[in-house]
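Taken in sequence, the protein lines are chains A and B.
When you read off a place in the first sequence, starting at 1, and then add 5, the result is the number in my numbering.
When you read off a place in the second sequence, starting at 1, and then add 1, the result is the number in my numbering.
Here a beta-carbon is modelled for each residue, glycine too, at the ideal position from N, C-alpha and C.
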Amino acid sequence: MAFNGTKAWIELMKLGRSVGQLRKDIDDFFKGNILSAFKKVGLFSYLQIPRHKREICDFLHVTDEDLFSQVLAIFLKDKVIKQTRDRYYLNQKISDSVPKPQIFEESLVELFKNYAAALPGRLQGKYISFSSGFNLYDWDDALTSRMYTQIRKSAFAFANVTRKPAYFLDVGCGNGHATSAIWFEYFRRNHFQDGKRMKIFGIDPDESLINIAQGEFPRRISKFSKMDVDEILKHEKFFPHFQIGDVQKIPFEDNFFDVVYASQVLHWVDPKKALLEMLRVTRPGGKIFGTENFYPAANVYNDLHFKVVEGARGLFWKKELVKWGKECGAKSVKIVTPISIFLIEKRADKRFAASTPVRDINTAPTISEDKTQPDMGVDLQKANTFPRVRHGE
Amino acid sequence: MFVDVPSKLICEHTFQVFLDKNGVVRGYQRVDFQVGKQREIPQAESRQNLTGFRCKLCDLPMNFQIDDEKSYVFKQRMDDFLGSALVKYQVAHVEGNEMHLNTVIVDATGEFLGHIDAYAVPLSEFLADGKVTMNEPNLIFGPEGYVPLKTHKFLEILLFLNTKHARILELISPGSLNIVEVGRLVEEKVQETKKIYLNISENVLLNIADKNFRIWISGDNILVASINTEGFLAAFDMIAKQLVQKDFEEIVERTEPLKIALKFLEKPQSSSKDLHTFFRLYSDDRLFSRIRVKYPENIPRILERLKKEFKTGSELLDPFLNGQKSLIEILGSDIITRAWELFELIDFIDRRKLLS
Numbered sequence: 006m007a008f009n010g011t012k013a014w015i016e017l018m019k020l021g022r023s024v025g026q027l028r029k030d031i032d033d034f035f036k037g038n039i040l041s042a043f044k045k046v047g048l049f050s051y052l053q054i055p056r057h058k059r060e061i062c063d064f065l066h067v068t069d070e071d072l073f074s075q076v077l078a079i080f081l082k083d084k085v086i087k088q089t090r091d092r093y094y095l096n097q098k099i100s101d102s103v104p105k106p107q108i109f110e111e112s113l114v115e116l117f118k119n120y121a122a123a124l125p126g127r128l129q130g131k132y133i134s135f136s137s138g139f140n141l142y143d144w145d146d147a148l149t150s151r152m153y154t155q156i157r158k159s160a161f162a163f164a165n166v167t168r169k170p171a172y173f174l175d176v177g178c179g180n181g182h183a184t185s186a187i188w189f190e191y192f193r194r195n196h197f198q199d200g201k202r203m204k205i206f207g208i209d210p211d212e213s214l215i216n217i218a219q220g221e222f223p224r225r226i227s228k229f230s231k232m233d234v235d236e237i238l239k240h241e242k243f244f245p246h247f248q249i250g251d252v253q254k255i256p257f258e259d260n261f262f263d264v265v266y267a268s269q270v271l272h273w274v275d276p277k278k279a280l281l282e283m284l285r286v287t288r289p290g291g292k293i294f295g296t297e298n299f300y301p302a303a304n305v306y307n308d309l310h311f312k313v314v315e316g317a318r319g320l321f322w323k324k325e326l327v328k329w330g331k332e333c334g335a336k337s338v339k340i341v342t343p344i345s346i347f348l349i350e351k352r353a354d355k356r357f358a359a360s361t362p363v364r365d366i367n368t369a370p371t372i373s374e375d376k377t378q379p380d381m382g383v384d385l386q387k388a389n390t391f392p393r394v395r396h397g398e
Numbered sequence: 002m003f004v005d006v007p008s009k010l011i012c013e014h015t016f017q018v019f020l021d022k023n024g025v026v027r028g029y030q031r032v033d034f035q036v037g038k039q040r041e042i043p044q045a046e047s048r049q050n051l052t053g054f055r056c057k058l059c060d061l062p063m064n065f066q067i068d069d070e071k072s073y074v075f076k077q078r079m080d081d082f083l084g085s086a087l088v089k090y091q092v093a094h095v096e097g098n099e100m101h102l103n104t105v106i107v108d109a110t111g112e113f114l115g116h117i118d119a120y121a122v123p124l125s126e127f128l129a130d131g132k133v134t135m136n137e138p139n140l141i142f143g144p145e146g147y148v149p150l151k152t153h154k155f156l157e158i159l160l161f162l163n164t165k166h167a168r169i170l171e172l173i174s175p176g177s178l179n180i181v182e183v184g185r186l187v188e189e190k191v192q193e194t195k196k197i198y199l200n201i202s203e204n205v206l207l208n209i210a211d212k213n214f215r216i217w218i219s220g221d222n223i224l225v226a227s228i229n230t231e232g233f234l235a236a237f238d239m240i241a242k243q244l245v246q247k248d249f250e251e252i253v254e255r256t257e258p259l260k261i262a263l264k265f266l267e268k269p270q271s272s273s274k275d276l277h278t279f280f281r282l283y284s285d286d287r288l289f290s291r292i293r294v295k296y297p298e299n300i301p302r303i304l305e306r307l308k309k310e311f312k313t314g315s316e317l318l319d320p321f322l323n324g325q326k327s328l329i330e331i332l333g334s335d336i337i338t339r340a341w342e343l344f345e346l347i348d349f350i351d352r353r354k355l356l357s
């Protein structure tokens, strides 16, 4: 496992800069984004004169005072503003330019700029959608970027899951770019064969992204493999099954998957609820792995970007993941690299075979009715023509 | 041909019914003068080159002249039989209030060899107040200015018929072909075949005017194709089965895209995507229309990405994304060879909800 940890580091270092420098560049960008957003609505001009918290709230038309207090605390701690008795005032000049991290593609920069710009509105109770407007295009573009590719490779190096065929779930699969790369890795290893327990599933709550994932899978594989699309279509029965689905209500049976993967997903949802669901659908002895930014290493300004999307709880602590995991049937929770890569192994103990603490009965399709044999009861034929279940239907 | 209808058969008048080559009544006329009570049916022996036989339904003598097309309803050359060229004729006469239609075989000299079939049709079906009751067959040329394809690598003739409205749409044909006649013969053959087979919806081979035709039938629609490369049949069969199910009016409206789709089938190698691409060419207007991107300020970024994704140059993408030209306007006939890639490009844009 230690060796796998090293391999995970090596993949991250291929990004070309020291991880420390990388982190600093990104942190500076997130801070600049948030300050710029509040500068645009006149907050820092307003704070040229010391103001009461109530006055600032009125100026910004704040309705979510808890979040506003968090923002204020961050600005104070970072010495952007100062406090004298019960009044706040600007402590430093706010730059007009926001430094762009070298590693971020333009699409990712634009996305985070949009999310940051939405924060003053969020304080007034206005959320934005994850992929509304041009954000859909930017997400689709960003998810194909080299940074996300290396993060994924790092996670796979650590989890070491592709040696054996598996029922593999990619939660928050987005546009399916990563799912396609994962599929190709298993394909390259010759795991897709009749009779083998091998199938990849991808879920995402965003219908537009799922449409992209589904519609462009053969072309993506053609790009990865340099194979002709016609040749790829011959393997259609092994293609991934993409469907709309929320990690907090995974539309699959208990213990259905051998491996569950979640990259940069947990901060967009209620992380504990999501973890419980991932454990529920993972078979005893199965693995859950992925990537996430955890406190204490995570950046508070980065966290604020996520708060504008409804349902997103933002970043959380590494120790919380360990605690929740152990409470809910994990044998071990390991975390490496500052990005960070996590790997959770579910206990093989049958007592944890079907823990369903947050499962909504309406979300579970039935593939195998035989719940006494969760590993063996799946009919491969059925799985290849898996029924689609959407939340709310 | 014309058929005399004696008085008291239908009404008190004697009149003549004019039939066209399909046995369809085109009209009638009153007889100005009548000699004797009833005109004798001429006997075969009394006229030269007359082929005589007896009606299979009423046993009355009938005759026709092989070199007088007015004396029979239609003729059709049949396959050689033991070295003899045989010809099929349909001949009609009126008996009582019915028209008897006999289909007979004669040899090259006009000698009667036997009956194929005979059936009676009530005259009342044809005559109502002296007007023609069947639809007038029309040759539909498609939209104004429409010109059918003159040549195709694999298809010599392609017609789309609608029997309910008696309409024919010419999709591929050499200019010399009498389309109306082919259409009529096809319809007639189909009617004959229907008497024998319960289901003739798929890929039936017919021989008409010395030419092999494949036909596909769905409801009132008949798709007629003369295929000059048999290897092409398997691929075209899948397309034809779907095409024949389309609404006739829709096909007429989409003749231009359909011509492009048909030309697409001429490409050197077939692939599993062809069926999908054919019907996209037929139905998807986005190749032929100018688009409007919802986020014009982001067109440079979209353009860069599309160039990477599809290895497509600015000369195509620039005017397309900026809504100055449609893909067909930019590429002309080259659109056919790049159809799959272009649909991928359009879908790429569409899935990302970039269009207004």
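List, from N- to C-terminal side, the beta strand (DSSP E) runs of 3 residues or more that fit wholly inside the region 243 to 268 of chain A. Positions of the beta strand (DSSP E) runs, each at least 3 residues long and wholly inside the region 243 to 268 of chain A, are given as 246 to 249 and 262 to 268 in order along the chain.
Helix, strand or coil for G37/A per DSSP? Taking the first sequence and counting its residues from 1, the one referred to as residue 37/A is at position 32. Here G37/A sits in helix by DSSP.
Mind listing the chain A neighbours of K354/B? Cutoff is C-beta to C-beta under 7 Å, in chain order. Against the second sequence, residue 354/B aligns to sequence position 353. Near K354/B (Cβ distances below 7 Å), the residues of chain A are L141 and S213.
Reduced DSSP category for D221/B - H, G, I as helix; E, B as strand; rest coil: Against the second sequence, residue 221/B aligns to sequence position 220. Coil.
Tell me which residues of the region 265 to 294 of chain B have at least one Cβ-Cβ distance to chain A shorter than 9 Å, keeping chain order. S272, S273 and K274
Going by other Cβ atoms of all chains shown within 10 Å of its Cβ, with 16 needed for buried, is Q270/B buried or exposed? In the second sequence, residue 270/B corresponds to position 269, counting from 1. Under this definition Q270/B is an exposed residue.
Say whether chain A places a C-beta atom closer than 8 Å to the C-beta of N323/B. Mapped onto the second sequence, residue 323/B falls at position 322. Taking Cβ atoms only, chain A never reaches closer than 8 Å to N323/B, which makes this a no.
Can you tell me whether DSSP reads Y73/B as helix, strand or coil? For the purposes of this step, residue 73/B is taken as the residue at position 72 of the second sequence. Here Y73/B sits in coil by DSSP.
At a CB-CB cut-off below 8 Å, which residues of chain A make contact with R306/B? As a position in the second sequence, residue 306/B is number 305, starting the count at 1. Chain A residues near R306/B: D146.
Can you find a CB in chain B that lies within less than 8 Å of the CB of R393/A? Start at 1 with the first residue of the first sequence, and residue 393/A comes out as number 388. Note that R393/A has pLDDT 35, beneath the 50 cutoff, so the model's placement of it is unreliable and the number below is only indicative. With 8 Å as the cut-off, R393/A does not count as an interface residue toward chain B.
When you compare the CB of D238/B with every CB in chain A, is at least one pair closer than 8 Å? Here residue 238/B refers to the residue found at position 237 when the second sequence is read from its first residue. It does not; no Cβ of chain A falls within 8 Å.
For D235/A, which residues in chain B fall below 9 Å Cβ to Cβ? Here residue 235/A refers to the residue found at position 230 of the first sequence. What D235/A touches in chain B: S272, S273 and K274.
Using a Cβ-Cβ cutoff of less than 7 Å, which residues in the same chain neighbour G207/A once the five nearest sequence positions on both sides are dropped? The residue labelled residue 207/A in the question sits at position 202 within the first sequence. Result list for G207/A: D175, C178, G181, T184, A218, P245 and F247, in chain order.
Just checking: is the beta-carbon of R364/A within a distance shorter than 8 Å of some beta-carbon in chain B? Position 359 of the first sequence, counted from the first residue, corresponds to residue 364/A. Here R364/A scores only 37 on pLDDT, less than 50, and its place in the model should not be relied on; the value that follows carries that caveat. False, the Cβ-Cβ gap to chain B never drops below 8 Å.
Measuring only the C-alpha atoms, how far is R78/B from W217/B? Walking along the second sequence from the start, residue 78/B turns up at place 77. Walking along the second sequence from the start, residue 217/B turns up at place 216. If you take the alpha carbons of R78/B and W217/B, they lie about 23 Å apart.
So with CB distances below 7 Å, who are the chain C contacts of R339/B? Chain labels in this structure do not include chain C; the protein chains are A and B.
Cβ distance (whole Å) where M203/A is taken to contact P170/A below 8 Å: As a position in the first sequence, residue 203/A is number 198, starting the count at 1. As a position in the first sequence, residue 170/A is number 165, starting the count at 1. Yes, they are in contact, since the Cβ atoms of M203/A and P170/A sit about 4 Å apart, within 8 Å.
Kindly indicate which three-state DSSP category Y172/A falls into: helix, strand or coil? Taking the first sequence and counting its residues from 1, the one referred to as residue 172/A is at position 167. Reduced to three states, the DSSP call for Y172/A is strand.
Partners in chain A for N299/B, counting only beta-carbon separations shorter than 7 Å: Along the second sequence, read from residue 1 onward, the residue named residue 299/B stands at position 298. Under the 7 Å cutoff, chain A gives F139.
Using a C-beta to C-beta distance shorter than 8 Å, which residues of chain B count as neighbours of I217/A? Residue numbering aside, residue 217/A sits at position 212 when the first sequence is read from its first letter. Here the neighbours are R352 and R353.
Determine whether the beta carbon atoms of V252/A and E282/A lie at a separation below 8 Å. Sequence index remark: in the first sequence, residue 252/A carries index 247 (1-based). Sequence index remark: in the first sequence, residue 282/A carries index 277 (1-based). Closer than 8 Å, so yes.
If you measure from the beta carbon of E345/B to each beta carbon in chain A, is any gap under 8 Å? Your numbering for residue 345/B matches position 344 in the second sequence. It does; some Cβ of chain A falls within 8 Å.
Taking only runs that begin and end inside the region 32 to 95 of chain A, name each unbroken alpha helix (DSSP H) of 4 or more residues, in chain order. Fully enclosed alpha helix (DSSP H) runs of 4 or longer: 48 to 51, 58 to 65 and 70 to 82.
Can you tell me whether DSSP reads D354/A as helix, strand or coil? Start at 1 with the first residue of the first sequence, and residue 354/A comes out as number 349. The answer is coil: DSSP assigns D354/A none of H, G, I, E or B.
For the beta strand (DSSP E) that contains A119/B, what are its first and last residues? Numbered from 1 along the second sequence, position 118 holds the residue referred to as residue 119/B. Unbroken beta strand (DSSP E) run through A119/B: F113 to P123.
Please check if any C-beta of chain A sits within less than 8 Å of the C-beta of D248/B. On the second sequence, residue 248/B is found 247 positions in, with the first residue counted as 1. Not an interface residue.
Backbone secondary structure at Q26/A - three-state DSSP: The count along the first sequence starts at 1 and reaches residue 26/A at position 21. Three-state result, Q26/A: helix.
Closer than 8 Å between beta carbons: that is the criterion. Which residues of the region 169 to 186 of chain A meet it against chain B? Flagged: no residues at all.
Measuring alpha carbon to alpha carbon, tell me which of Q66/B, K190/B and K264/B ends up nearest A210/B. Locating residue 210/B in the second sequence gives position 209, counting from the first residue. Measuring from the Cα of A210/B, the nearest candidate turns out to be K190/B.
Rounded to whole angstroms, what's the CA-CA distance from V187/B to N208/B? Just pull it up for me. Taking the first residue of the second sequence as 1, we reach residue 187/B at position 186. Taking the first residue of the second sequence as 1, we reach residue 208/B at position 207. Answer to the nearest angstrom: the Cα atoms are 9 Å apart.
Strictly below 8 Å CB to CB, what residues from chain A border Y147/B? To locate residue 147/B, count along the second sequence from 1; it is residue 146. Those within 8 Å of Y147/B in chain A number zero; the least Cβ separation is about 34 Å.
With respect to 7 Å, is the separation between the Cβ of A119/B and the closest non-hydrogen atom of the ligand COA below this value? The model depicted lacks the ligand COA and carries no ligand whatsoever.
Report the three-state DSSP secondary structure of L58/B (helix, strand or coil). Taking the first residue of the second sequence as 1, we reach residue 58/B at position 57. It is coil, neither helix nor strand.
Top-ranked residue by Cα proximity to I347/B, from V253/B, L322/B, G333/B and L332/B: What you label residue 347/B is simply residue 346 of the second sequence in a count that begins at 1. Measuring from the Cα of I347/B, the nearest candidate turns out to be L322/B.
Given that a residue counts as buried once 16 or more other Cβ atoms are within 10 Å of its Cβ, and exposed if not, what is I293/A? Here residue 293/A corresponds to residue number 288 of the first sequence, with the count starting at 1. Looking at its Cβ environment, which holds 16 or more other Cβ atoms inside 10 Å, I293/A is buried.
Between F289/B and S327/B, how many whole angstroms is the CB-CB distance? I'm expecting something under 8 Å. In the second sequence, counting from the first residue as 1, residue 289/B sits at position 288. In the second sequence, counting from the first residue as 1, residue 327/B sits at position 326. About 5 Å; that satisfies the 8 Å criterion.
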